[in-house]
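Report on the following structure.
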Amino acid sequence: MKNSWTKTKFIMLMSVLTMFLAGCGENHLSTLKPAGEVGRQQFNLMVISIVIMILVIVVVTVAFSIAVFKSRRSQLGEDFKPKQVAGNHTLEVIWTSIPIVLLIILAIPTVYFTFQQGDTTEMVNAKGEANEDVTIINVTAHQYWWEFEYEHEGVVTSQDLVVPTGEKVFFNLKGADVKHSFWIPAAGGKLDTNVDGVNSFFLVFDDDKAQDADRLFYGKCAELCGPSHALMDFKVNALEKDDYEQWLADMKQIEEPIQADAGDAKEGQDIFNNSCIGCHAVTPTGAGAVGPNLTNFGDRELVAGILEHNKENLVDWIKDPESIKPGNKMTGKYQLNDEEIEKVAEYLMTLKVDEGTGDKSKLRESKDEEGGDK
1 MKNSWTKTKF IMLMSVLTMF LAGCGENHLS TLKPAGEVGR QQFNLMVISI VIMILVIVVV
61 TVAFSIAVFK SRRSQLGEDF KPKQVAGNHT LEVIWTSIPI VLLIILAIPT VYFTFQQGDT
121 TEMVNAKGEA NEDVTIINVT AHQYWWEFEY EHEGVVTSQD LVVPTGEKVF FNLKGADVKH
181 SFWIPAAGGK LDTNVDGVNS FFLVFDDDKA QDADRLFYGK CAELCGPSHA LMDFKVNALE
241 KDDYEQWLAD MKQIEEPIQA DAGDAKEGQD IFNNSCIGCH AVTPTGAGAV GPNLTNFGDR
301 ELVAGILEHN KENLVDWIKD PESIKPGNKM TGKYQLNDEE IEKVAEYLMT LKVDEGTGDK
361 SKLRESKDEE GGDK
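Per our numbering, the very first residue in the sequence shown carries number 1; after that it's consecutive.
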C-alpha cells in the first residue's frame with residue numbers, strides 16, 4: 001500500500017512538472033517568444049484568453065468557497081434549508097450576460113486579427129498578376145520534406161527556408177501527397193497545405209528577434225501525415241534585406257550544377273549523375289522534383305532533418321534511410337555499394353553556395369532535433 005502511494009505521488013509530481021515545463025521554450029521555436037507581427041498578435045490573443053479564463057476560475061472558486069464556508073452544517077444546523085433561487089430572473093440575466101460579455105471581449109480582437117492576417121491582396125497587382133514588389137514563396141509539402149520556390153526569382157530550395165526581415169513575406173501553400181500543415185512557431189501561423197487547393201497567408205520576421213535567435217527559426221509540420229510526421233521540420237534563416245538579396249543573387253548565378261574539383265568528390269558527382277539525379281535537382285531551378293533540391297546541400301543545418309550535418313551521418317542516411325526516417329520515399333531508390341555511397345556523400349558536402357548568411361552555429365550544435373527529409 002505504501003509503495004502504491006509513493007508511485008502515485010511521484011506520478012502526480014511529474015504531471016505538475018510537465019505542465020510547467022510545457023511552457024518553456026527557446027527563441028527559435030517558442031510561440032511564447034514571438035518573433036514577428038503575426039506571432040505577437042497571436043500571442044496577445046492567447047494572453048487575453050488566459051486572463052479571461054483565470055478571471056472566471058477565480059470568481060467561481062471564490063464564490064464556491066464562500067458558499068461552502070457559510071453553509072457548514074455545524075454552523076447552520078441539520079434542518080437548515082437554503083433559499084430557493086430557481087426562476088430568479090435577475091440571477092438568470094446575470095449569469096447569462098456575463099459569459100456573453102466575455103465571449104464578445106474575446107471575439108472582437110480574434111475576428112479582427114483573423115481577417116487582418118488573412119488579407120493577402122498585396123500579393124496581386126492591378127492586372128491580377130503576382131506583385132513583384134513583395135516577397136512571395138510557394139511552399140510544397142511532401143512526405144517528409146519541404147520545397148520552397150521563390151515566385152519572382154525562379155529559385156528553388158528544400159528544407160532551409162531563407163526570408164528577409166522587416167517586411168511581409170507571403171506564402172502560397174499546397175500539399176504534394178497528403179494534408180500537411182505549415183507552422184513556424186516563433187513567427188506565427190499555422191495553415192494547412194492541401195492537395196486540392198492553395199492556401200495563402202503572410203508572416204513578418206523582426207530583425208532584432210532574428211538576431212537573438214542567431215537568425216535561425218524552426219518550422220514544423222503540424223498535421224499528422226504519416227509515420228515520420230514528427231521528423232518533418234525545416235529551418236528558417238531570417239536575414240537582413242541586403243543579405244537576403246545577396247543570397248538570392250548567389251543562387252541565381254548557379255545555372256549549371258556545381259562541379260567537384262577532383263578525387264572522391266568528382267567520382268561521387270559522376271555516380272550521382274548516373275543515379276540520384278533522377279530524383280534530386282542540383283540547380284536552383286529544379287522545382288517539382290521527386291526528391292529535395294540539393295543545390296546548396298553543403299550549407300544545410302541537418303542531415304535528414306535530425307542528424308548533425310556531417311559526412312558520416314550523410315553516409316548512414318543514404319545507406320539506410322528507412323532506419324532513420326520510416327516511410328520516406330527515398331528507401332530502396334538507389335542501389336549503391338559502400339564505396340559509391342562514400343563518394344556521393346563527399347560530393348554532396350561540397351555543394352555550398354554561401355557560407356556567410358547568418359550565424360548558424362547554434363542549431364548545428366544540437367544533435368537531438370527533429371526535422372524533415374534530406
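Note that beta-carbon positions come from the ideal geometry of N, C-alpha and C, so glycine has one too.
{"Item": "Could you check which residue in E240, I50, H142 and N131 has the C-alpha nearest to that of D233?", "Value": "H142"}
{"Item": "Output needed for R300: all residues of its chain with C-beta closer than 7 angstroms, excluding positions within five of it in sequence on either side, in chain order.", "Value": "Q159, D160 and H309"}
{"Item": "Near K265, what residues of its chain come up, given a Cβ to Cβ distance below 6 angstroms and the 5 sequence neighbours on each side ignored?", "Value": "According to the sequence provided, residue 265 is Ala. The question's Lys does not apply to it. Excluding sequence neighbours, A265 sits near E346, Y347 and T350."}
{"Item": "In angstroms, rounded to a whole number, what distance separates the CA positions of N86 and I105?", "Value": "The sequence shown places Ala at residue 86, rather than the Asn named in the question. Cα to Cα, A86 sits roughly 29 angstroms from I105."}
{"Item": "How do the region 168-179 and the region 132-146 stand: do at least 3 beta-carbon pairs fall below 8 angstroms, yes or no?", "Value": "yes"}
{"Item": "Can you grab the Cα-Cα spacing for the pair L294 / T121, in whole Å?", "Value": "33 angstroms"}
{"Item": "Report back the beta-carbon spacing between N328 and P321 to the nearest angstrom; my notes put them in contact at under 8 angstroms.", "Value": "5 angstroms"}
{"Item": "Pick out the complete alpha helix (DSSP H) segments inside the region 176-252, 4 residues or longer, and give them in chain order.", "Value": "207-212 and 241-252"}
{"Item": "Once DSSP output is grouped into helix, strand and coil, what is the label at S158?", "Value": "strand"}
{"Item": "Can you tell me whether E223 is buried or exposed, with buried defined as 16 or more other CB within 10 angstroms of its CB?", "Value": "buried"}
{"Item": "Which same chain residues, not among the five before or five after K179, have their C-beta less than 8 angstroms away from its C-beta?", "Value": "D192, T193, N194, V195, E223 and C225"}
{"Item": "Going by DSSP in three states, A174 sits in which element: helix, strand or coil?", "Value": "Note on residue identity: the sequence assigns Lys, not Ala, to residue 174. Of the three classes helix, strand and coil, the one that applies to K174 here is strand, per DSSP."}
{"Item": "For A126, does the count of other Cβ atoms within 10 angstroms reach 16, so buried, or fall short, so exposed?", "Value": "exposed"}
{"Item": "Taking only three categories from DSSP, how would you classify G372?", "Value": "Note that G372 has pLDDT 43, beneath the 50 cutoff, so the model's placement of it is unreliable and the number below is only indicative. If DSSP states are grouped into helix, strand and coil, G372 belongs with coil."}
{"Item": "For the structure I just gave you, are there three or more beta carbon pairs, one from the region 88-95 and one from the region 39-46, closer than 8 angstroms?", "Value": "no"}
{"Item": "If R215 sits next to A186, beta carbons under 8 angstroms apart, how far is it from one beta carbon to the other, in whole angstroms?", "Value": "Wrong, their Cβ atoms sit about 12 angstroms apart, outside the cutoff."}
{"Item": "For F64, report the span of its alpha helix (DSSP H) as first-last.", "Value": "E37 to K70"}
{"Item": "Does DSSP put A141 in a helix, a strand or coil?", "Value": "strand"}
{"Item": "Helix, strand or coil: which one does DSSP assign to F10?", "Value": "helix"}
{"Item": "Please classify I100: is it buried, with 16 or more other beta-carbons within 10 angstroms of its beta-carbon, or exposed?", "Value": "exposed"}
{"Item": "Just verifying my parser: in three-state terms, what is the DSSP assignment at G130?", "Value": "A small fix is needed here, since residue 130 is Ala in this sequence, not Gly. Note: A130 maps to strand in three-state DSSP."}
{"Item": "Restricting to Cα atoms, I'd like to know which of F115, E149, G219 and L55 is closest to T285.", "Value": "E149"}
{"Item": "In the DSSP assignment, find the unbroken alpha helix (DSSP H) run with K83 in it and report its ends.", "Value": "No alpha helix (DSSP H) holds K83; DSSP gives it neither H nor E."}
{"Item": "Provide the residue(s) that pair with Y150 in DSSP beta bridges, ordered along the chain.", "Value": "I137 and V155"}
{"Item": "Helix, strand or coil for L351, going by three-state DSSP, please let me know.", "Value": "coil"}
{"Item": "What separation, rounded to the nearest whole angstrom, lies between the Cα atoms of N199 and C276?", "Value": "32 angstroms"}
{"Item": "I need the straight-line Cα distance from Y218 to S323, nearest angstrom please.", "Value": "24 angstroms"}
{"Item": "Could you compute how far the alpha carbon of L173 sits from the alpha carbon of Q253?", "Value": "27 angstroms"}
{"Item": "Mapping the DSSP letters down to three states, classify K329 as helix, strand or coil.", "Value": "coil"}
{"Item": "Since P227 and P326 should fall inside the 8 angstroms C-beta cutoff, what is the C-beta to C-beta distance between them, to a whole number of angstroms?", "Value": "4 angstroms"}
{"Item": "Nearest to T283 by CA position, among P257, N273 and G268, is which residue?", "Value": "P257"}
{"Item": "Please report the straight-line C-alpha distance between L13 and E151, rounded to a whole angstrom.", "Value": "51 angstroms"}
{"Item": "Suppose you measure from the CA of S65 to the CA of W5; what does that come to, to the nearest Å?", "Value": "28 angstroms"}
{"Item": "Starting from T295, trace the alpha helix (DSSP H) both ways and give me its first and last residue.", "Value": "No alpha helix (DSSP H) contains T295, which DSSP labels as neither H nor E."}
{"Item": "Around the C-beta of V51, are 16 or more other C-beta atoms found within 10 angstroms, so that it is buried, or is it exposed?", "Value": "exposed"}
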